[in-house]
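Visitor: Got a structure here, written out as structure tokens. Questions coming.
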Amino acid sequence: MNENVLFSSFQLKHYTLRNRIGVAPMTRMSSQHDSIPRQDVLDFLVRRAKKEAAIVYTEAIVTDYESAQGYPGQARMLTQRQIDAWGPVVRAIQKEGAVAIMQMFHCGRVSWPEINPAKRIISASPFTPKQKNPLAGSPYPIPDEMSSFDVEHVIQGFVETAKGAIAAGFDGVEIHGAHGYLISQFLSPYSNQRTDGYGGSTENRYHFAHEIIQAVSKVIPEERLLTFRISDWGVVDREVSLFGKKAEYQEIIRLLSKEPIDAISLSTYDYSRKAFGTDRNMAQVTREVTDLPLMICGKIYDRNSAEDALKDADIVLSAKSLLLNPNWVAEVRERKALPIHKSDEANVAYTETSLP
Ligand SMILES: Cc1cc2nc3c(=O)[nH]c(=O)nc-3n(C[C@H](O)[C@H](O)[C@H](O)COP(=O)(O)O)c2cc1C
């Protein structure tokens, strides 16, 4: 591949990205009672835009005050005060030449009651993950199986949060369908044992994602972006392949490709790792069945890995490298030898340390 592709522009719908590098969504757990992140956490995003990232994703914003939250200090985009707090940040990111996208999610069963105002946990089916909740130090509680009322309520949470993002001026919105959170819990046979129209066949398990995408797309103006994040792994029970088989995963990607979305963001542990027992990585397996723009993330840490990952995708996202190294984009450009950062190092994200 032409090695200059990484620093060439890319047309993402109506947006001309200045290069192929984006800041992956990163939860920071810094909000207080008002669900607004600390100012230095917001300013961090502006600094990454200033340092040449082409896309800046927000942390995952939780979609309601009932059951969506899974971690302390998460943010929301549902009140005028929250919208007003983000507005100047979004404008500053744009002024620095980057595209600002808000990610939103519902944690589903990866949560515990005390953390949600309504003290309620919901999921596709009333089953818990196998592992304990590392933050609460106890088993995850059995979630309520979602009723049709719950489904409608959750969809409305995504819609209202997307409206908040548009009011704050974001260039786009991402629906977080990855990492074993609520949408992923519906998609995966590992957590979805329903026997109604939301469970059973692949298409039925996809139905919840379909309804959210359709409802959200109606409140996103035509000129803005809608992306969908997906992964074959979850933050709990990490060893489990959420789709199990290549054919199953590709069927979901085919269904996604029919939706009014502008890109698929593919999250992996390691972009180069072979997937589903094949000799192809996740991006290659995804590319086989979609023409949508593809973002790839997972252990992209230097110029070589970024160029290699771009052979099978259009945009690379980095989390840990861009979290810990403010000069990462410039150093990638200079082909500097750079480290692969460990997960432990990223824990600084959840502290009161103001990152450079
Ligand atoms: C501190 C931290 C917070 C994260 N929060 C989110 C999040 O809110 N939403 C999300 O989709 N992924 C989240 N991730 C996962 C990253 O976006 C990314 O997929 C993962 O870290 C692998 O990329 P990397 O190897 O470049 O770090 C987070 C990762 C880190 C390190």
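So the sequence shown is numbered by our numbering: it starts at 4 and just counts up by one. Ideal Cβ positions, reconstructed from N, Cα and C, are used throughout, including at glycine.
1) From Ala-322 to Arg-290, what distance separates their C-alpha atoms?
2) Please indicate yes or no: does the CB of Ala-165 lie closer than 7 Å to some heavy atom of ligand 1?
3) Confirm, please, whether the CB-CB distance from Leu-258 to Glu-177 is below 8 Å.
4) Beta-carbon separation of Gln-83 and Ser-38 under 8 Å?
5) When you compare each of Ser-234, Glu-348, Asp-240 and Leu-297 to Phe-279 by their alpha carbons, which one comes out closest?
6) Could you give the residue range of the alpha helix (DSSP H) that holds Val-49?
7) Among the residues of its own chain, which have a CB less than 7 Å from the CB of Ala-27, if the five just before and after it don't count?
8) Out of Trp-236, Pro-263, Phe-246 and Val-219, which has the shortest C-alpha to C-alpha gap to Asp-273?
9) Tell me the DSSP bridge mates of Asn-284?
10) With DSSP as the reference, please indicate the residues paired to Leu-325 in a beta bridge.
11) Is Glu-62 a contact residue of ligand 1, with contact defined as CB to any heavy atom under 7 Å?
12) CB of Pro-28 to nearest heavy atom of ligand 3: below 7 Å?
13) Looking only at its own chain, which residues have a Cβ that is under 8 Å from the Cβ of Lys-135, when we skip the five neighbours before and after it?
14) Quick check on DSSP: helix, strand or coil for Thr-82?
15) With three or more beta-carbon pairs closer than 8 Å as the criterion, would you say the region 122-134 touches the region 49-58?
16) Would you tell me roughly how many angstroms separate the C-alpha atoms of Gln-196 and Phe-152, rounded to the nearest one?
17) At the level of alpha carbons, what is the spacing between Gly-76 and Met-105?
18) Taking the alpha-carbon positions, what's the Tyr-209 to Val-288 distance?
19) Run the CB neighbour count on Ala-250, radius 10 Å, all protein chains shown included, and call it buried at 16 or more, exposed below.
20) Where DSSP assigns a beta bridge to Asp-147, which residues make up the other side?
21) Is the region 221-234 touching the region 155-168, taking contact as three or more C-beta pairs under 8 Å?
22) Less than 7 Å between the CB of Ser-151 and some heavy atom of ligand 1, yes or no?
23) According to DSSP, simplified to helix, strand and coil, what is Glu-155?
24) Where does the unbroken alpha helix (DSSP H) through Gln-217 begin, and where does it stop?
25) Could you tell me if the beta carbon of Arg-51 falls within a distance shorter than 7 Å of some heavy atom in ligand 1?
26) When the Cα atoms are used, what is the spatial distance from Ala-212 to Leu-358?
27) Relative to the C-alpha of Ala-333, which residue among Leu-45, Val-243, Ser-11 and Ala-56 is closest?
28) Does ligand 1 have even one heavy atom less than 7 Å from the beta-carbon of His-182?
29) Ignore the nearest five residues each way along the sequence and tell me which others in Asp-315's own chain have a CB closer than 6 Å to its CB.
30) Just curious, the beta strand (DSSP E) that Ala-266 is in, first and last residue?
Guide: On the basis of the data shown:
1) 22 Å
2) Incorrect: Ala-165 has no Cβ contact closer than 7 Å to ligand 1.
3) Between Glu-177 and Leu-258, the C-beta spacing is not below 8 Å.
4) No, these two residues do not count as a Cβ contact at 8 Å.
5) The shortest C-alpha separation from Phe-279 is found at Ser-234.
6) 42-53
7) Tyr-60, Cys-300, Leu-320, Ser-321 and Ala-322
8) Trp-236
9) Lys-277
10) DSSP output for Leu-325 lists no bridge partner at all.
11) yes
12) With respect to ligand 3, the structure offers nothing, as its ligand set consists of ligand 1.
13) Excluding residues within five positions, the ones whose Cβ falls inside 8 Å are Ser-141, Pro-142 and Tyr-143.
14) coil
15) no
16) 18 Å
17) Rounded to the nearest angstrom, the two C-alpha atoms are 17 Å apart.
18) 19 Å
19) exposed
20) Answer is Ile-125.
21) yes
22) Not so, every heavy atom of ligand 1 lies at least 7 Å from the Cβ.
23) For Glu-155, the secondary structure class from DSSP, reduced to helix, strand or coil, is helix.
24) 205-220
25) no
26) If I take the Cα positions, the gap works out to 35 Å.
27) Ala-56
28) yes
29) Closer than 6 Å at Cβ, skipping near neighbours: Ala-286, Gln-287 and Arg-290.
30) 266-270
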